[in-house]
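Peer 1:
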Amino acid sequence: MPSTALYPLMISEHFHGSLKFDAPLVEVSIALGMTLSGLCMGNLNNLSYRLIPAGIGVLGIGLSLFISGILPGNHYGFIIFIIINFIAGLCIPLIDAPVQTLLQDKVEHKNLGKVISFYLMMIGLAGPAGLSLSSVISKFMSTAEIFIGSGILLILMLLVALFDRKLRSI
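In our numbering, the protein residues as written are 54 to 223.
#1: Since N164 is in the alpha helix (DSSP H), which residue starts that stretch and which ends it?
#2: Decide if H162 is buried, meaning its Cβ has at least 16 other Cβ atoms within 10 Å, or exposed.
#3: Assign S188 to buried or exposed, taking buried as 16 or more other Cβ atoms, counted over all protein chains shown, within 10 Å of its Cβ.
#4: Check D149 in the structure and name its three-state DSSP category.
#5: Given I133, which residues of its chain have a CB within under 7 angstroms of its CB, disregarding the five upstream and five downstream residues?
#6: Hey, which unbroken runs of the alpha helix (DSSP H) at 4 residues or more fall wholly within the region 64-136?
#7: Just how far apart, CA to CA, sit M194 and S203?
#8: What's the call for G177, buried or exposed, on a 16-neighbour Cβ count within 10 Å?
#9: Does the separation of the CB atoms of I136 and G110 fall below 9 angstroms?
#10: Cutting at 6 angstroms between CB atoms, please list the residues of its own chain near G126, excluding the five before and the five after it.
#11: I believe C93 touches I114 by the beta-carbon criterion, under 8 angstroms. Please report the beta-carbon distance rounded to the nearest angstrom.
#12: M210 lies in the alpha helix (DSSP H); which residues open and close that run?
#13: Do V79 and N138 come within 9 angstroms of each other at the CB atom, strictly closer than that value?
#14: Taking a contact to mean a Cβ-Cβ separation below 9 angstroms, would you say F200 touches F119 in this structure?
#15: Below 8 angstroms on the Cβ atoms is my contact criterion, and I expect G142 with I83 to pass it. Report the Cβ-Cβ distance as a whole number of Å.
#16: Quick one: is D158 buried, meaning 16 or more other Cβ sit within 10 Å of its Cβ, or exposed?
#17: Please classify T196: is it buried, with 16 or more other beta-carbons within 10 angstroms of its beta-carbon, or exposed?
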């Protein structure tokens, strides 16, 4: 689920912030982190295990979601939320770039277009499916609790992936 879709709710409900002034601060924070990380991605070409950056990215986003959910709903919590989202922004390019590179290296050239199209379609479907699920969950949980749960689930997903021998060998 794209957690960025829940940021306006987190800012307005949990931190009691303004969507006009506070939400752009968070968006700029994420964008700066993504830009800085994206500029540094070229230095990761020589890694022997290409999924390590993706694992670090998933862990970073999972931790940032979890910590965001446990922050106090005051001004100081919001400042920390901005900093955490900068760190989450650093992690976002770490996930997609290695996966795209891995696909290009491991998939036969004649099937590459089909595989990348399928990969992008699955990512595209995950957003609406996750938002639909979160709208049902929001009847029972606060936005902060959804952030905590999402962070825990991402970290658990990473732990499960770490025990997969085929993924560890890539």
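All residues carry an ideal CB built from backbone N, CA and C; glycine is no exception. Just so it is clear, the structure is predicted and the values come from calculations on it, not from any experiment.
Peer 2: For this structure:
#1: 162-190
#2: exposed
#3: exposed
#4: helix
#5: Excluding sequence neighbours, I133 sits near L124.
#6: 75-93, 104-123
#7: Roughly 12 angstroms between the two C-alpha positions.
#8: exposed
#9: no
#10: H67, F68
#11: Contact flag wrong, Cβ pair sits at about 17 angstroms.
#12: 196-215
#13: yes
#14: Closer than 9 angstroms, so yes.
#15: 4 angstroms
#16: exposed
#17: buried
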